[in-house]
Amino acid sequence: MPYTADHFDKDGTRCVLWPQSSIATIPTLDGHELGLGVYPVAIYGGNIQGDLYSTLVEITADPIAGPKVERVVPQLFYADESPLYGGFSTIVSHGSSNSSNSSDLYLFSKEWDAATLTGGMRVAKVPVTSYKDRTQYTYWDGATWTSDLAAASKAPAGLLFASSLSTGDVFWSEYYNTYMVVYFNSFADSTFYMRYALEGTVTGKWSDEIKLAATQPGTGPQPYNYAGHAYPSFGENGKELVLSYTMAGGALTDMIKVTFD
Numbered sequence: 008m009p010y011t012a013d014h015f016d017k018d019g020t021r022c023v024l025w026p027q028s029s030i031a032t033i034p035t036l037d038g039h040e041l042g043l044g045v046y047p048v049a050i051y052g053g054n055i056q057g058d059l060y061s062t063l064v065e066i067t068a069d070p071i072a073g074p075k076v077e078r079v080v081p082q083l084f085y086a087d088e089s090p091l092y093g094g095f096s097t098i099v100s101h102g103s104s105n106s107s108n109s110s111d112l113y114l115f116s117k118e119w120d121a122a123t124l125t126g127g128m129r130v131a132k133v134p135v136t137s138y139k140d141r142t143q144y145t146y147w148d149g150a151t152w153t154s155d156l157a158a159a160s161k162a163p164a165g166l167l168f169a170s171s172l173s174t175g176d177v178f179w180s181e182y183y184n185t186y187m188v189v190y191f192n193s194f195a196d197s198t199f200y201m202r203y204a205l206e207g208t209v210t211g212k213w214s215d216e217i218k219l220a221a222t223q224p225g226t227g228p229q230p231y232n233y234a235g236h237a238y239p240s241f242g243e244n245g246k247e248l249v250l251s252y253t254m255a256g257g258a259l260t261d262m263i264k265v266t267f268d
């Protein structure tokens, strides 16, 4: 994969893989855990910017050799066929047993039309035993899970909620006993927002947008912070939530802690 302008001697564009979405973990037969990530691959060059496809990776860690990342599905979804499911966040469904055989992966996408100010978050799912097989994926169309990717991806009712999303994470809150999403929007206001599932399911109703925490942009060519993420496993019983973001200029990543009432 070409990464820099030097690799594109004709037009100076570059192709980048953004490991910006959460890592889902599933148990393995030997008692360890396997990490799964879905990451967008995009092209950049001058004023050109656009997603090409998403890639699915397996992540393992050896105490001596360190982490290993393998692209097991080089092209999972193409941007010209659907939103890049999993490119925003990927999680294992809550409430399943410790056995991965009964679990689903939820893959969340984001979309936003700046001209019409419309878009939001969609979701696909697949049994964790079949995540390499695109034929086993189904997509929420607003009423049911369907294998019709094209129809579900265009269905207005398939949007879980309407919002501008940049980066963030969907997770199960042990404190509130429901799904939550924490995110930066694409309006560059350096603010974390959140929503929570009112019915305890990803496909049910979601709350209105709630302002969670404002961050102070640093100094640099970009007057805003970006790459906001949440780490629910770092807090105590879900009452505390650790957030991270990259400061303007791209040199520093700061972390803050939010404590819920």
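Yeah, the sequence shown ends on 268 if you go by the working numbering, and it's all consecutive.
C-beta atoms are modelled at their ideal positions from N, C-alpha and C, and glycine is treated no differently.
Short Cβ contact (8 Å threshold) for T62 with R78: yes
Option in K139, D69, V64 with minimal Cα separation from Q27: V64
Just how far apart, CA to CA, sit I50 and T226? 27 Å
Between the CA atoms of V209 and R129 - distance to the nearest angstrom: 10 Å
Mind checking which residues open and close the beta strand (DSSP E) that includes L41? 40-52
Report the start-end ranges of each alpha helix (DSSP H) in the segment 100-152 that is 4 residues or longer and not cut off at the edges. none
How many Å lie between A121 and K212 at the Cα? 24 Å
Could you give the distance in angstroms between the alpha-carbon of F178 and the alpha-carbon of V188? 6 Å
Beta strand (DSSP E) containing L156: first to last residue? First-last for L156: 156-161, but that is the alpha helix (DSSP H), not the beta strand (DSSP E).
For P239, does the three-state DSSP call read helix, strand or coil? helix
Give me the Cβ distance between A221 and T198, rounded to the nearest whole Å; I'm assuming they're in contact under 8 Å. 5 Å
My understanding is that F194 touches S214, with C-beta atoms under 8 Å, so please give their C-beta distance in whole angstroms. Actually they are not in contact, since the Cβ atoms of F194 and S214 sit about 20 Å apart, beyond 8 Å.
Given a cut-off of 8 Å on the beta-carbon distance, is the pair S96 and S160 in contact? no
So the candidates are P163, K132, L41, V45; which of them puts its Cα closest to the Cα of P81? V45
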